[in-house]
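Working notes for the structure below.
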Amino acid sequence: MREIKISSDNLVLSLLSISESANVCILDACNDFYANSNLLIAGINPVESLQFSEDNAEQTLENFDKKIAQSNLAGIFTIDYDFGLKLEKIASGSKKLDSFSQPDIFLALFECLLIHDYRTHQTFLDGNAKKFDGVIERILQNQIHENNKITEKVRAKINIKSNFTKKNYLQTVKKIQEYISRGDSYQTNLTQQFRAKLPKNLTAQKIFWQLKKDHPAPFSAFIKRSDDTVISASPERFCTVKNQIIFCSPIKGTRPRGKSAAEDEHLKRELLSSEKDRAENIMIVDLLRNDIGKVCRYGSVEVENLCSLETHPTYHHLVSTMRGELKNNLSFGEIIKAIFPCGSITGAPKIRTMQIIDELESASRGLSMGAIGYVGFDKNLEMSVAIRTLTIKNNQAIFNVGGGIVIDSDPESEYEETLVKAQAIFSALGVDKTFI
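Residues 11 to 446 (our numbering) make up the sequence shown, in order.
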């Protein structure tokens, strides 16, 4: 592997600069603070970019499998949340607000990738290094000049709207609680979708950089797709598949970091002692154990950590981790079919709750609440849950934020929680949540 002498910040700035004229995909751990997530992985100008959106969901997964199985290529991909409706044969409502047209699955295939290890501070090429001839020189040349165009903050008034008024959101929480009281659901993840008209000087590159600096997340992403750009600051691992073992790490329970050490400690204790957050987390653990059990050897699924506190630079989370030994000869498509979408952003039971979500949310979720993934040259798989994720097209940005509604949820608190979760994106856009 060829090593390249460059800092992580200069590497990211160079890649973002190159992305203005080339197709660039970046998966960025941002640091080494998260267990088993310490790499920046980047591809430039894929050998092939594909979109899969067949009427038959199984055919879509079969086509995806055929491409990802190519032994000499690595892949970076996205999976639309609404693809999960197809998988479960849920007929989506016809009165959805017009969202961006997005593929069920987008896949970019690469012969060579740039890797930066935040633990060793080394940057190197993985794969066919000849494919990066000339690109490395361009990256190194870019680091000589500070890229003020990307790092400068944009001050502009941005028009941002939700598909819910606050009143409607509170009413919808109560409707969900009616469903729960009738036994249709135990927990339902309700989201509101924000739309923002961006000024031309607030580019996707600037937004990604601002999120990386102010709200670093272990599953950050910048992906130029065929017709749009995806930016993610996700803290949540959906699954890892390595050496026939699958791991899932759902998040349920979130608090912001405190402004002082004392406040931070108080928020930690509050989260750890919250019976509501713990109950929500355990519900999703049970759901995901059932999902991965479909593709694992009988009796091999176990919970490694239950409701553990995980502290990130800007949030505290309650995270559980489970693992299982996969059955032999499974394709990635078969694994995805069994577990997608992630139960932490649907609720339980999954299928009936997805029907309720589709009925009550007026806008298609798109990539939000879907998944962003990576298949390496070694054919191991990593997927994150596409929360805190924007899709940008023609200077329009959309993103969803939400939370799990249970029978004893306070509607006002649930609404405020969505704004807390959106704060990182609001900040990167220069929006004050008090004006929402």
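Glycine residues also receive a C-beta, built at the ideal position from the N, C-alpha and C atoms.
In three-state terms, what does DSSP make of residue i?
| i | result |
| --- | --- |
| Q215 | helix |
| I149 | helix |
| I255 | strand |
| V416 | coil |
| Q406 | strand |
| I361 | helix |
| K99 | coil |
| I16 | coil |
| S378 | coil |
| D38 | strand |
| H327 | strand |
| V164 | coil |
| E156 | In this prediction, E156 scores a pLDDT of 49, lower than 50, which makes its location untrustworthy; the coordinate-derived value is nonetheless stated afterwards. In the structure shown, E156 sits in coil (DSSP, three-state: anything other than H, G, I, E or B). |
| R205 | strand |
| Q61 | strand |
| E3 | The structure shown does not extend to residue 3, since the chain is modelled only from 11 through 446, so no value can be given for it. |
| R307 | coil |
| G53 | strand |
| Y189 | helix |
| A227 | coil |
| S421 | According to the sequence provided, residue 421 is Pro. The question's Ser does not apply to it. Reduced to three states, the DSSP call for P421 is helix. |
| N315 | strand |
For residue i, which residues in the same chain have their Cβ closer than 7 Å to its Cβ, ignoring the five residues on either side in sequence?
| i | result |
| --- | --- |
| E156 | Confidence at E156 is low in this model, with a pLDDT of 49, below 50, so its placement is unreliable and the value that follows should be read with caution. Answer for E156: no residue qualifies. |
| K262 | D287, E290, N291, I294, L328, S354 and G414 |
| S18 | L50, H126 and Y128 |
| A67 | F93, K96 and L97 |
| E424 | V183, G413 and I415 |
Nearest to residue i by alpha carbon, out of the options?
| i | options | result |
| --- | --- | --- |
| V441 | K207, P323 and L282 | K207 |
| R265 | T324, D136, L25 and M293 | T324 |
| I397 | D368, P351 and L370 | P351 |
| S47 | K269, I366 and S394 | S394 |
| K360 | L37, G85, I100 and I146 | I100 |
| K337 | C317, L319, S310 and D194 | S310 |
| I402 | A32, Q69, D388 and S236 | S236 |
| V183 | T198, N169 and I170 | T198 |
| S24 | C306, K177, G386 and I146 | I146 |
| V416 | D368, K185, D301 and K252 | K185 |
| G94 | E64, Q220 and K163 | E64 |
| L26 | I168, A434, I170 and K159 | K159 |
| N211 | T239, E162 and S195 | E162 |
| Q112 | D238, R247, Y425 and K389 | D238 |
| N178 | L200, S195 and V57 | L200 |
| N33 | E13, E58 and C306 | E58 |
| L117 | S318, I86 and Q406 | I86 |
| E13 | F62, E30, F142 and I78 | F142 |
| Q80 | K389, K140 and L282 | K389 |
| I255 | T428, N405, E320 and L340 | L340 |
Taking the Cβ atom as the reference point for each residue, do residue i and residue j lie within a distance shorter than 9 Å?
| i | j | result |
| --- | --- | --- |
| A243 | T399 | yes |
| F74 | I408 | no |
| I28 | L71 | no |
| K234 | C35 | yes |
| K304 | I349 | yes |
| S374 | S172 | no |
| N82 | N138 | yes |
| T250 | L391 | yes |
| L37 | I366 | no |
| F120 | G53 | yes |
| E422 | L180 | yes |
| T175 | G380 | no |
| G8 | A84 | The question about residue 8 has no answer here: the residues shown for the chain are numbered 11 through 446. |
| V7 | P226 | Residue numbering for the chain in the displayed model covers 11 to 446; residue 7 lies beyond these limits and cannot be assessed. |
| F134 | A432 | no |
| I302 | C258 | yes |
| S419 | Q202 | no |
| A434 | D274 | no |
Please work out which residues of its chain come closer than 6 Å, Cβ to Cβ, to residue i, disregarding the five sequence neighbours upstream and downstream, and give them in chain order.
| i | result |
| --- | --- |
| H322 | P245 |
| I217 | I241 and A438 |
| F229 | S244 and S394 |
Here's a check: name, in chain order, each residue in its chain whose Cβ is nearer than 8 Å to the Cβ of residue i, leaving out the five neighbours to either side.
| i | result |
| --- | --- |
| E312 | M332, R333 and G334 |
| D42 | N48, Y128 and R129 |
| L277 | R265, P266, R267, G268 and H326 |
| R307 | G334, E335, L336 and K337 |
| I168 | A206, K207, L208, P209, L212, L439, G440 and V441 |
For residue i, count the other beta carbons within 10 Å of its own beta carbon; 16 or more makes it buried, fewer makes it exposed. Which is it?
| i | result |
| --- | --- |
| Y384 | buried |
| A231 | buried |
| E371 | buried |
| K15 | exposed |
| N410 | buried |
| Q69 | exposed |
| K76 | exposed |
| G343 | buried |
| H326 | buried |
Mind checking whether the beta-carbon of residue i lies closer than 8 Å to any heavy atom of the ligand MN?
| i | result |
| --- | --- |
| N410 | Looking at this structure, you won't find the ligand MN or any other ligand, since it has none at all. |
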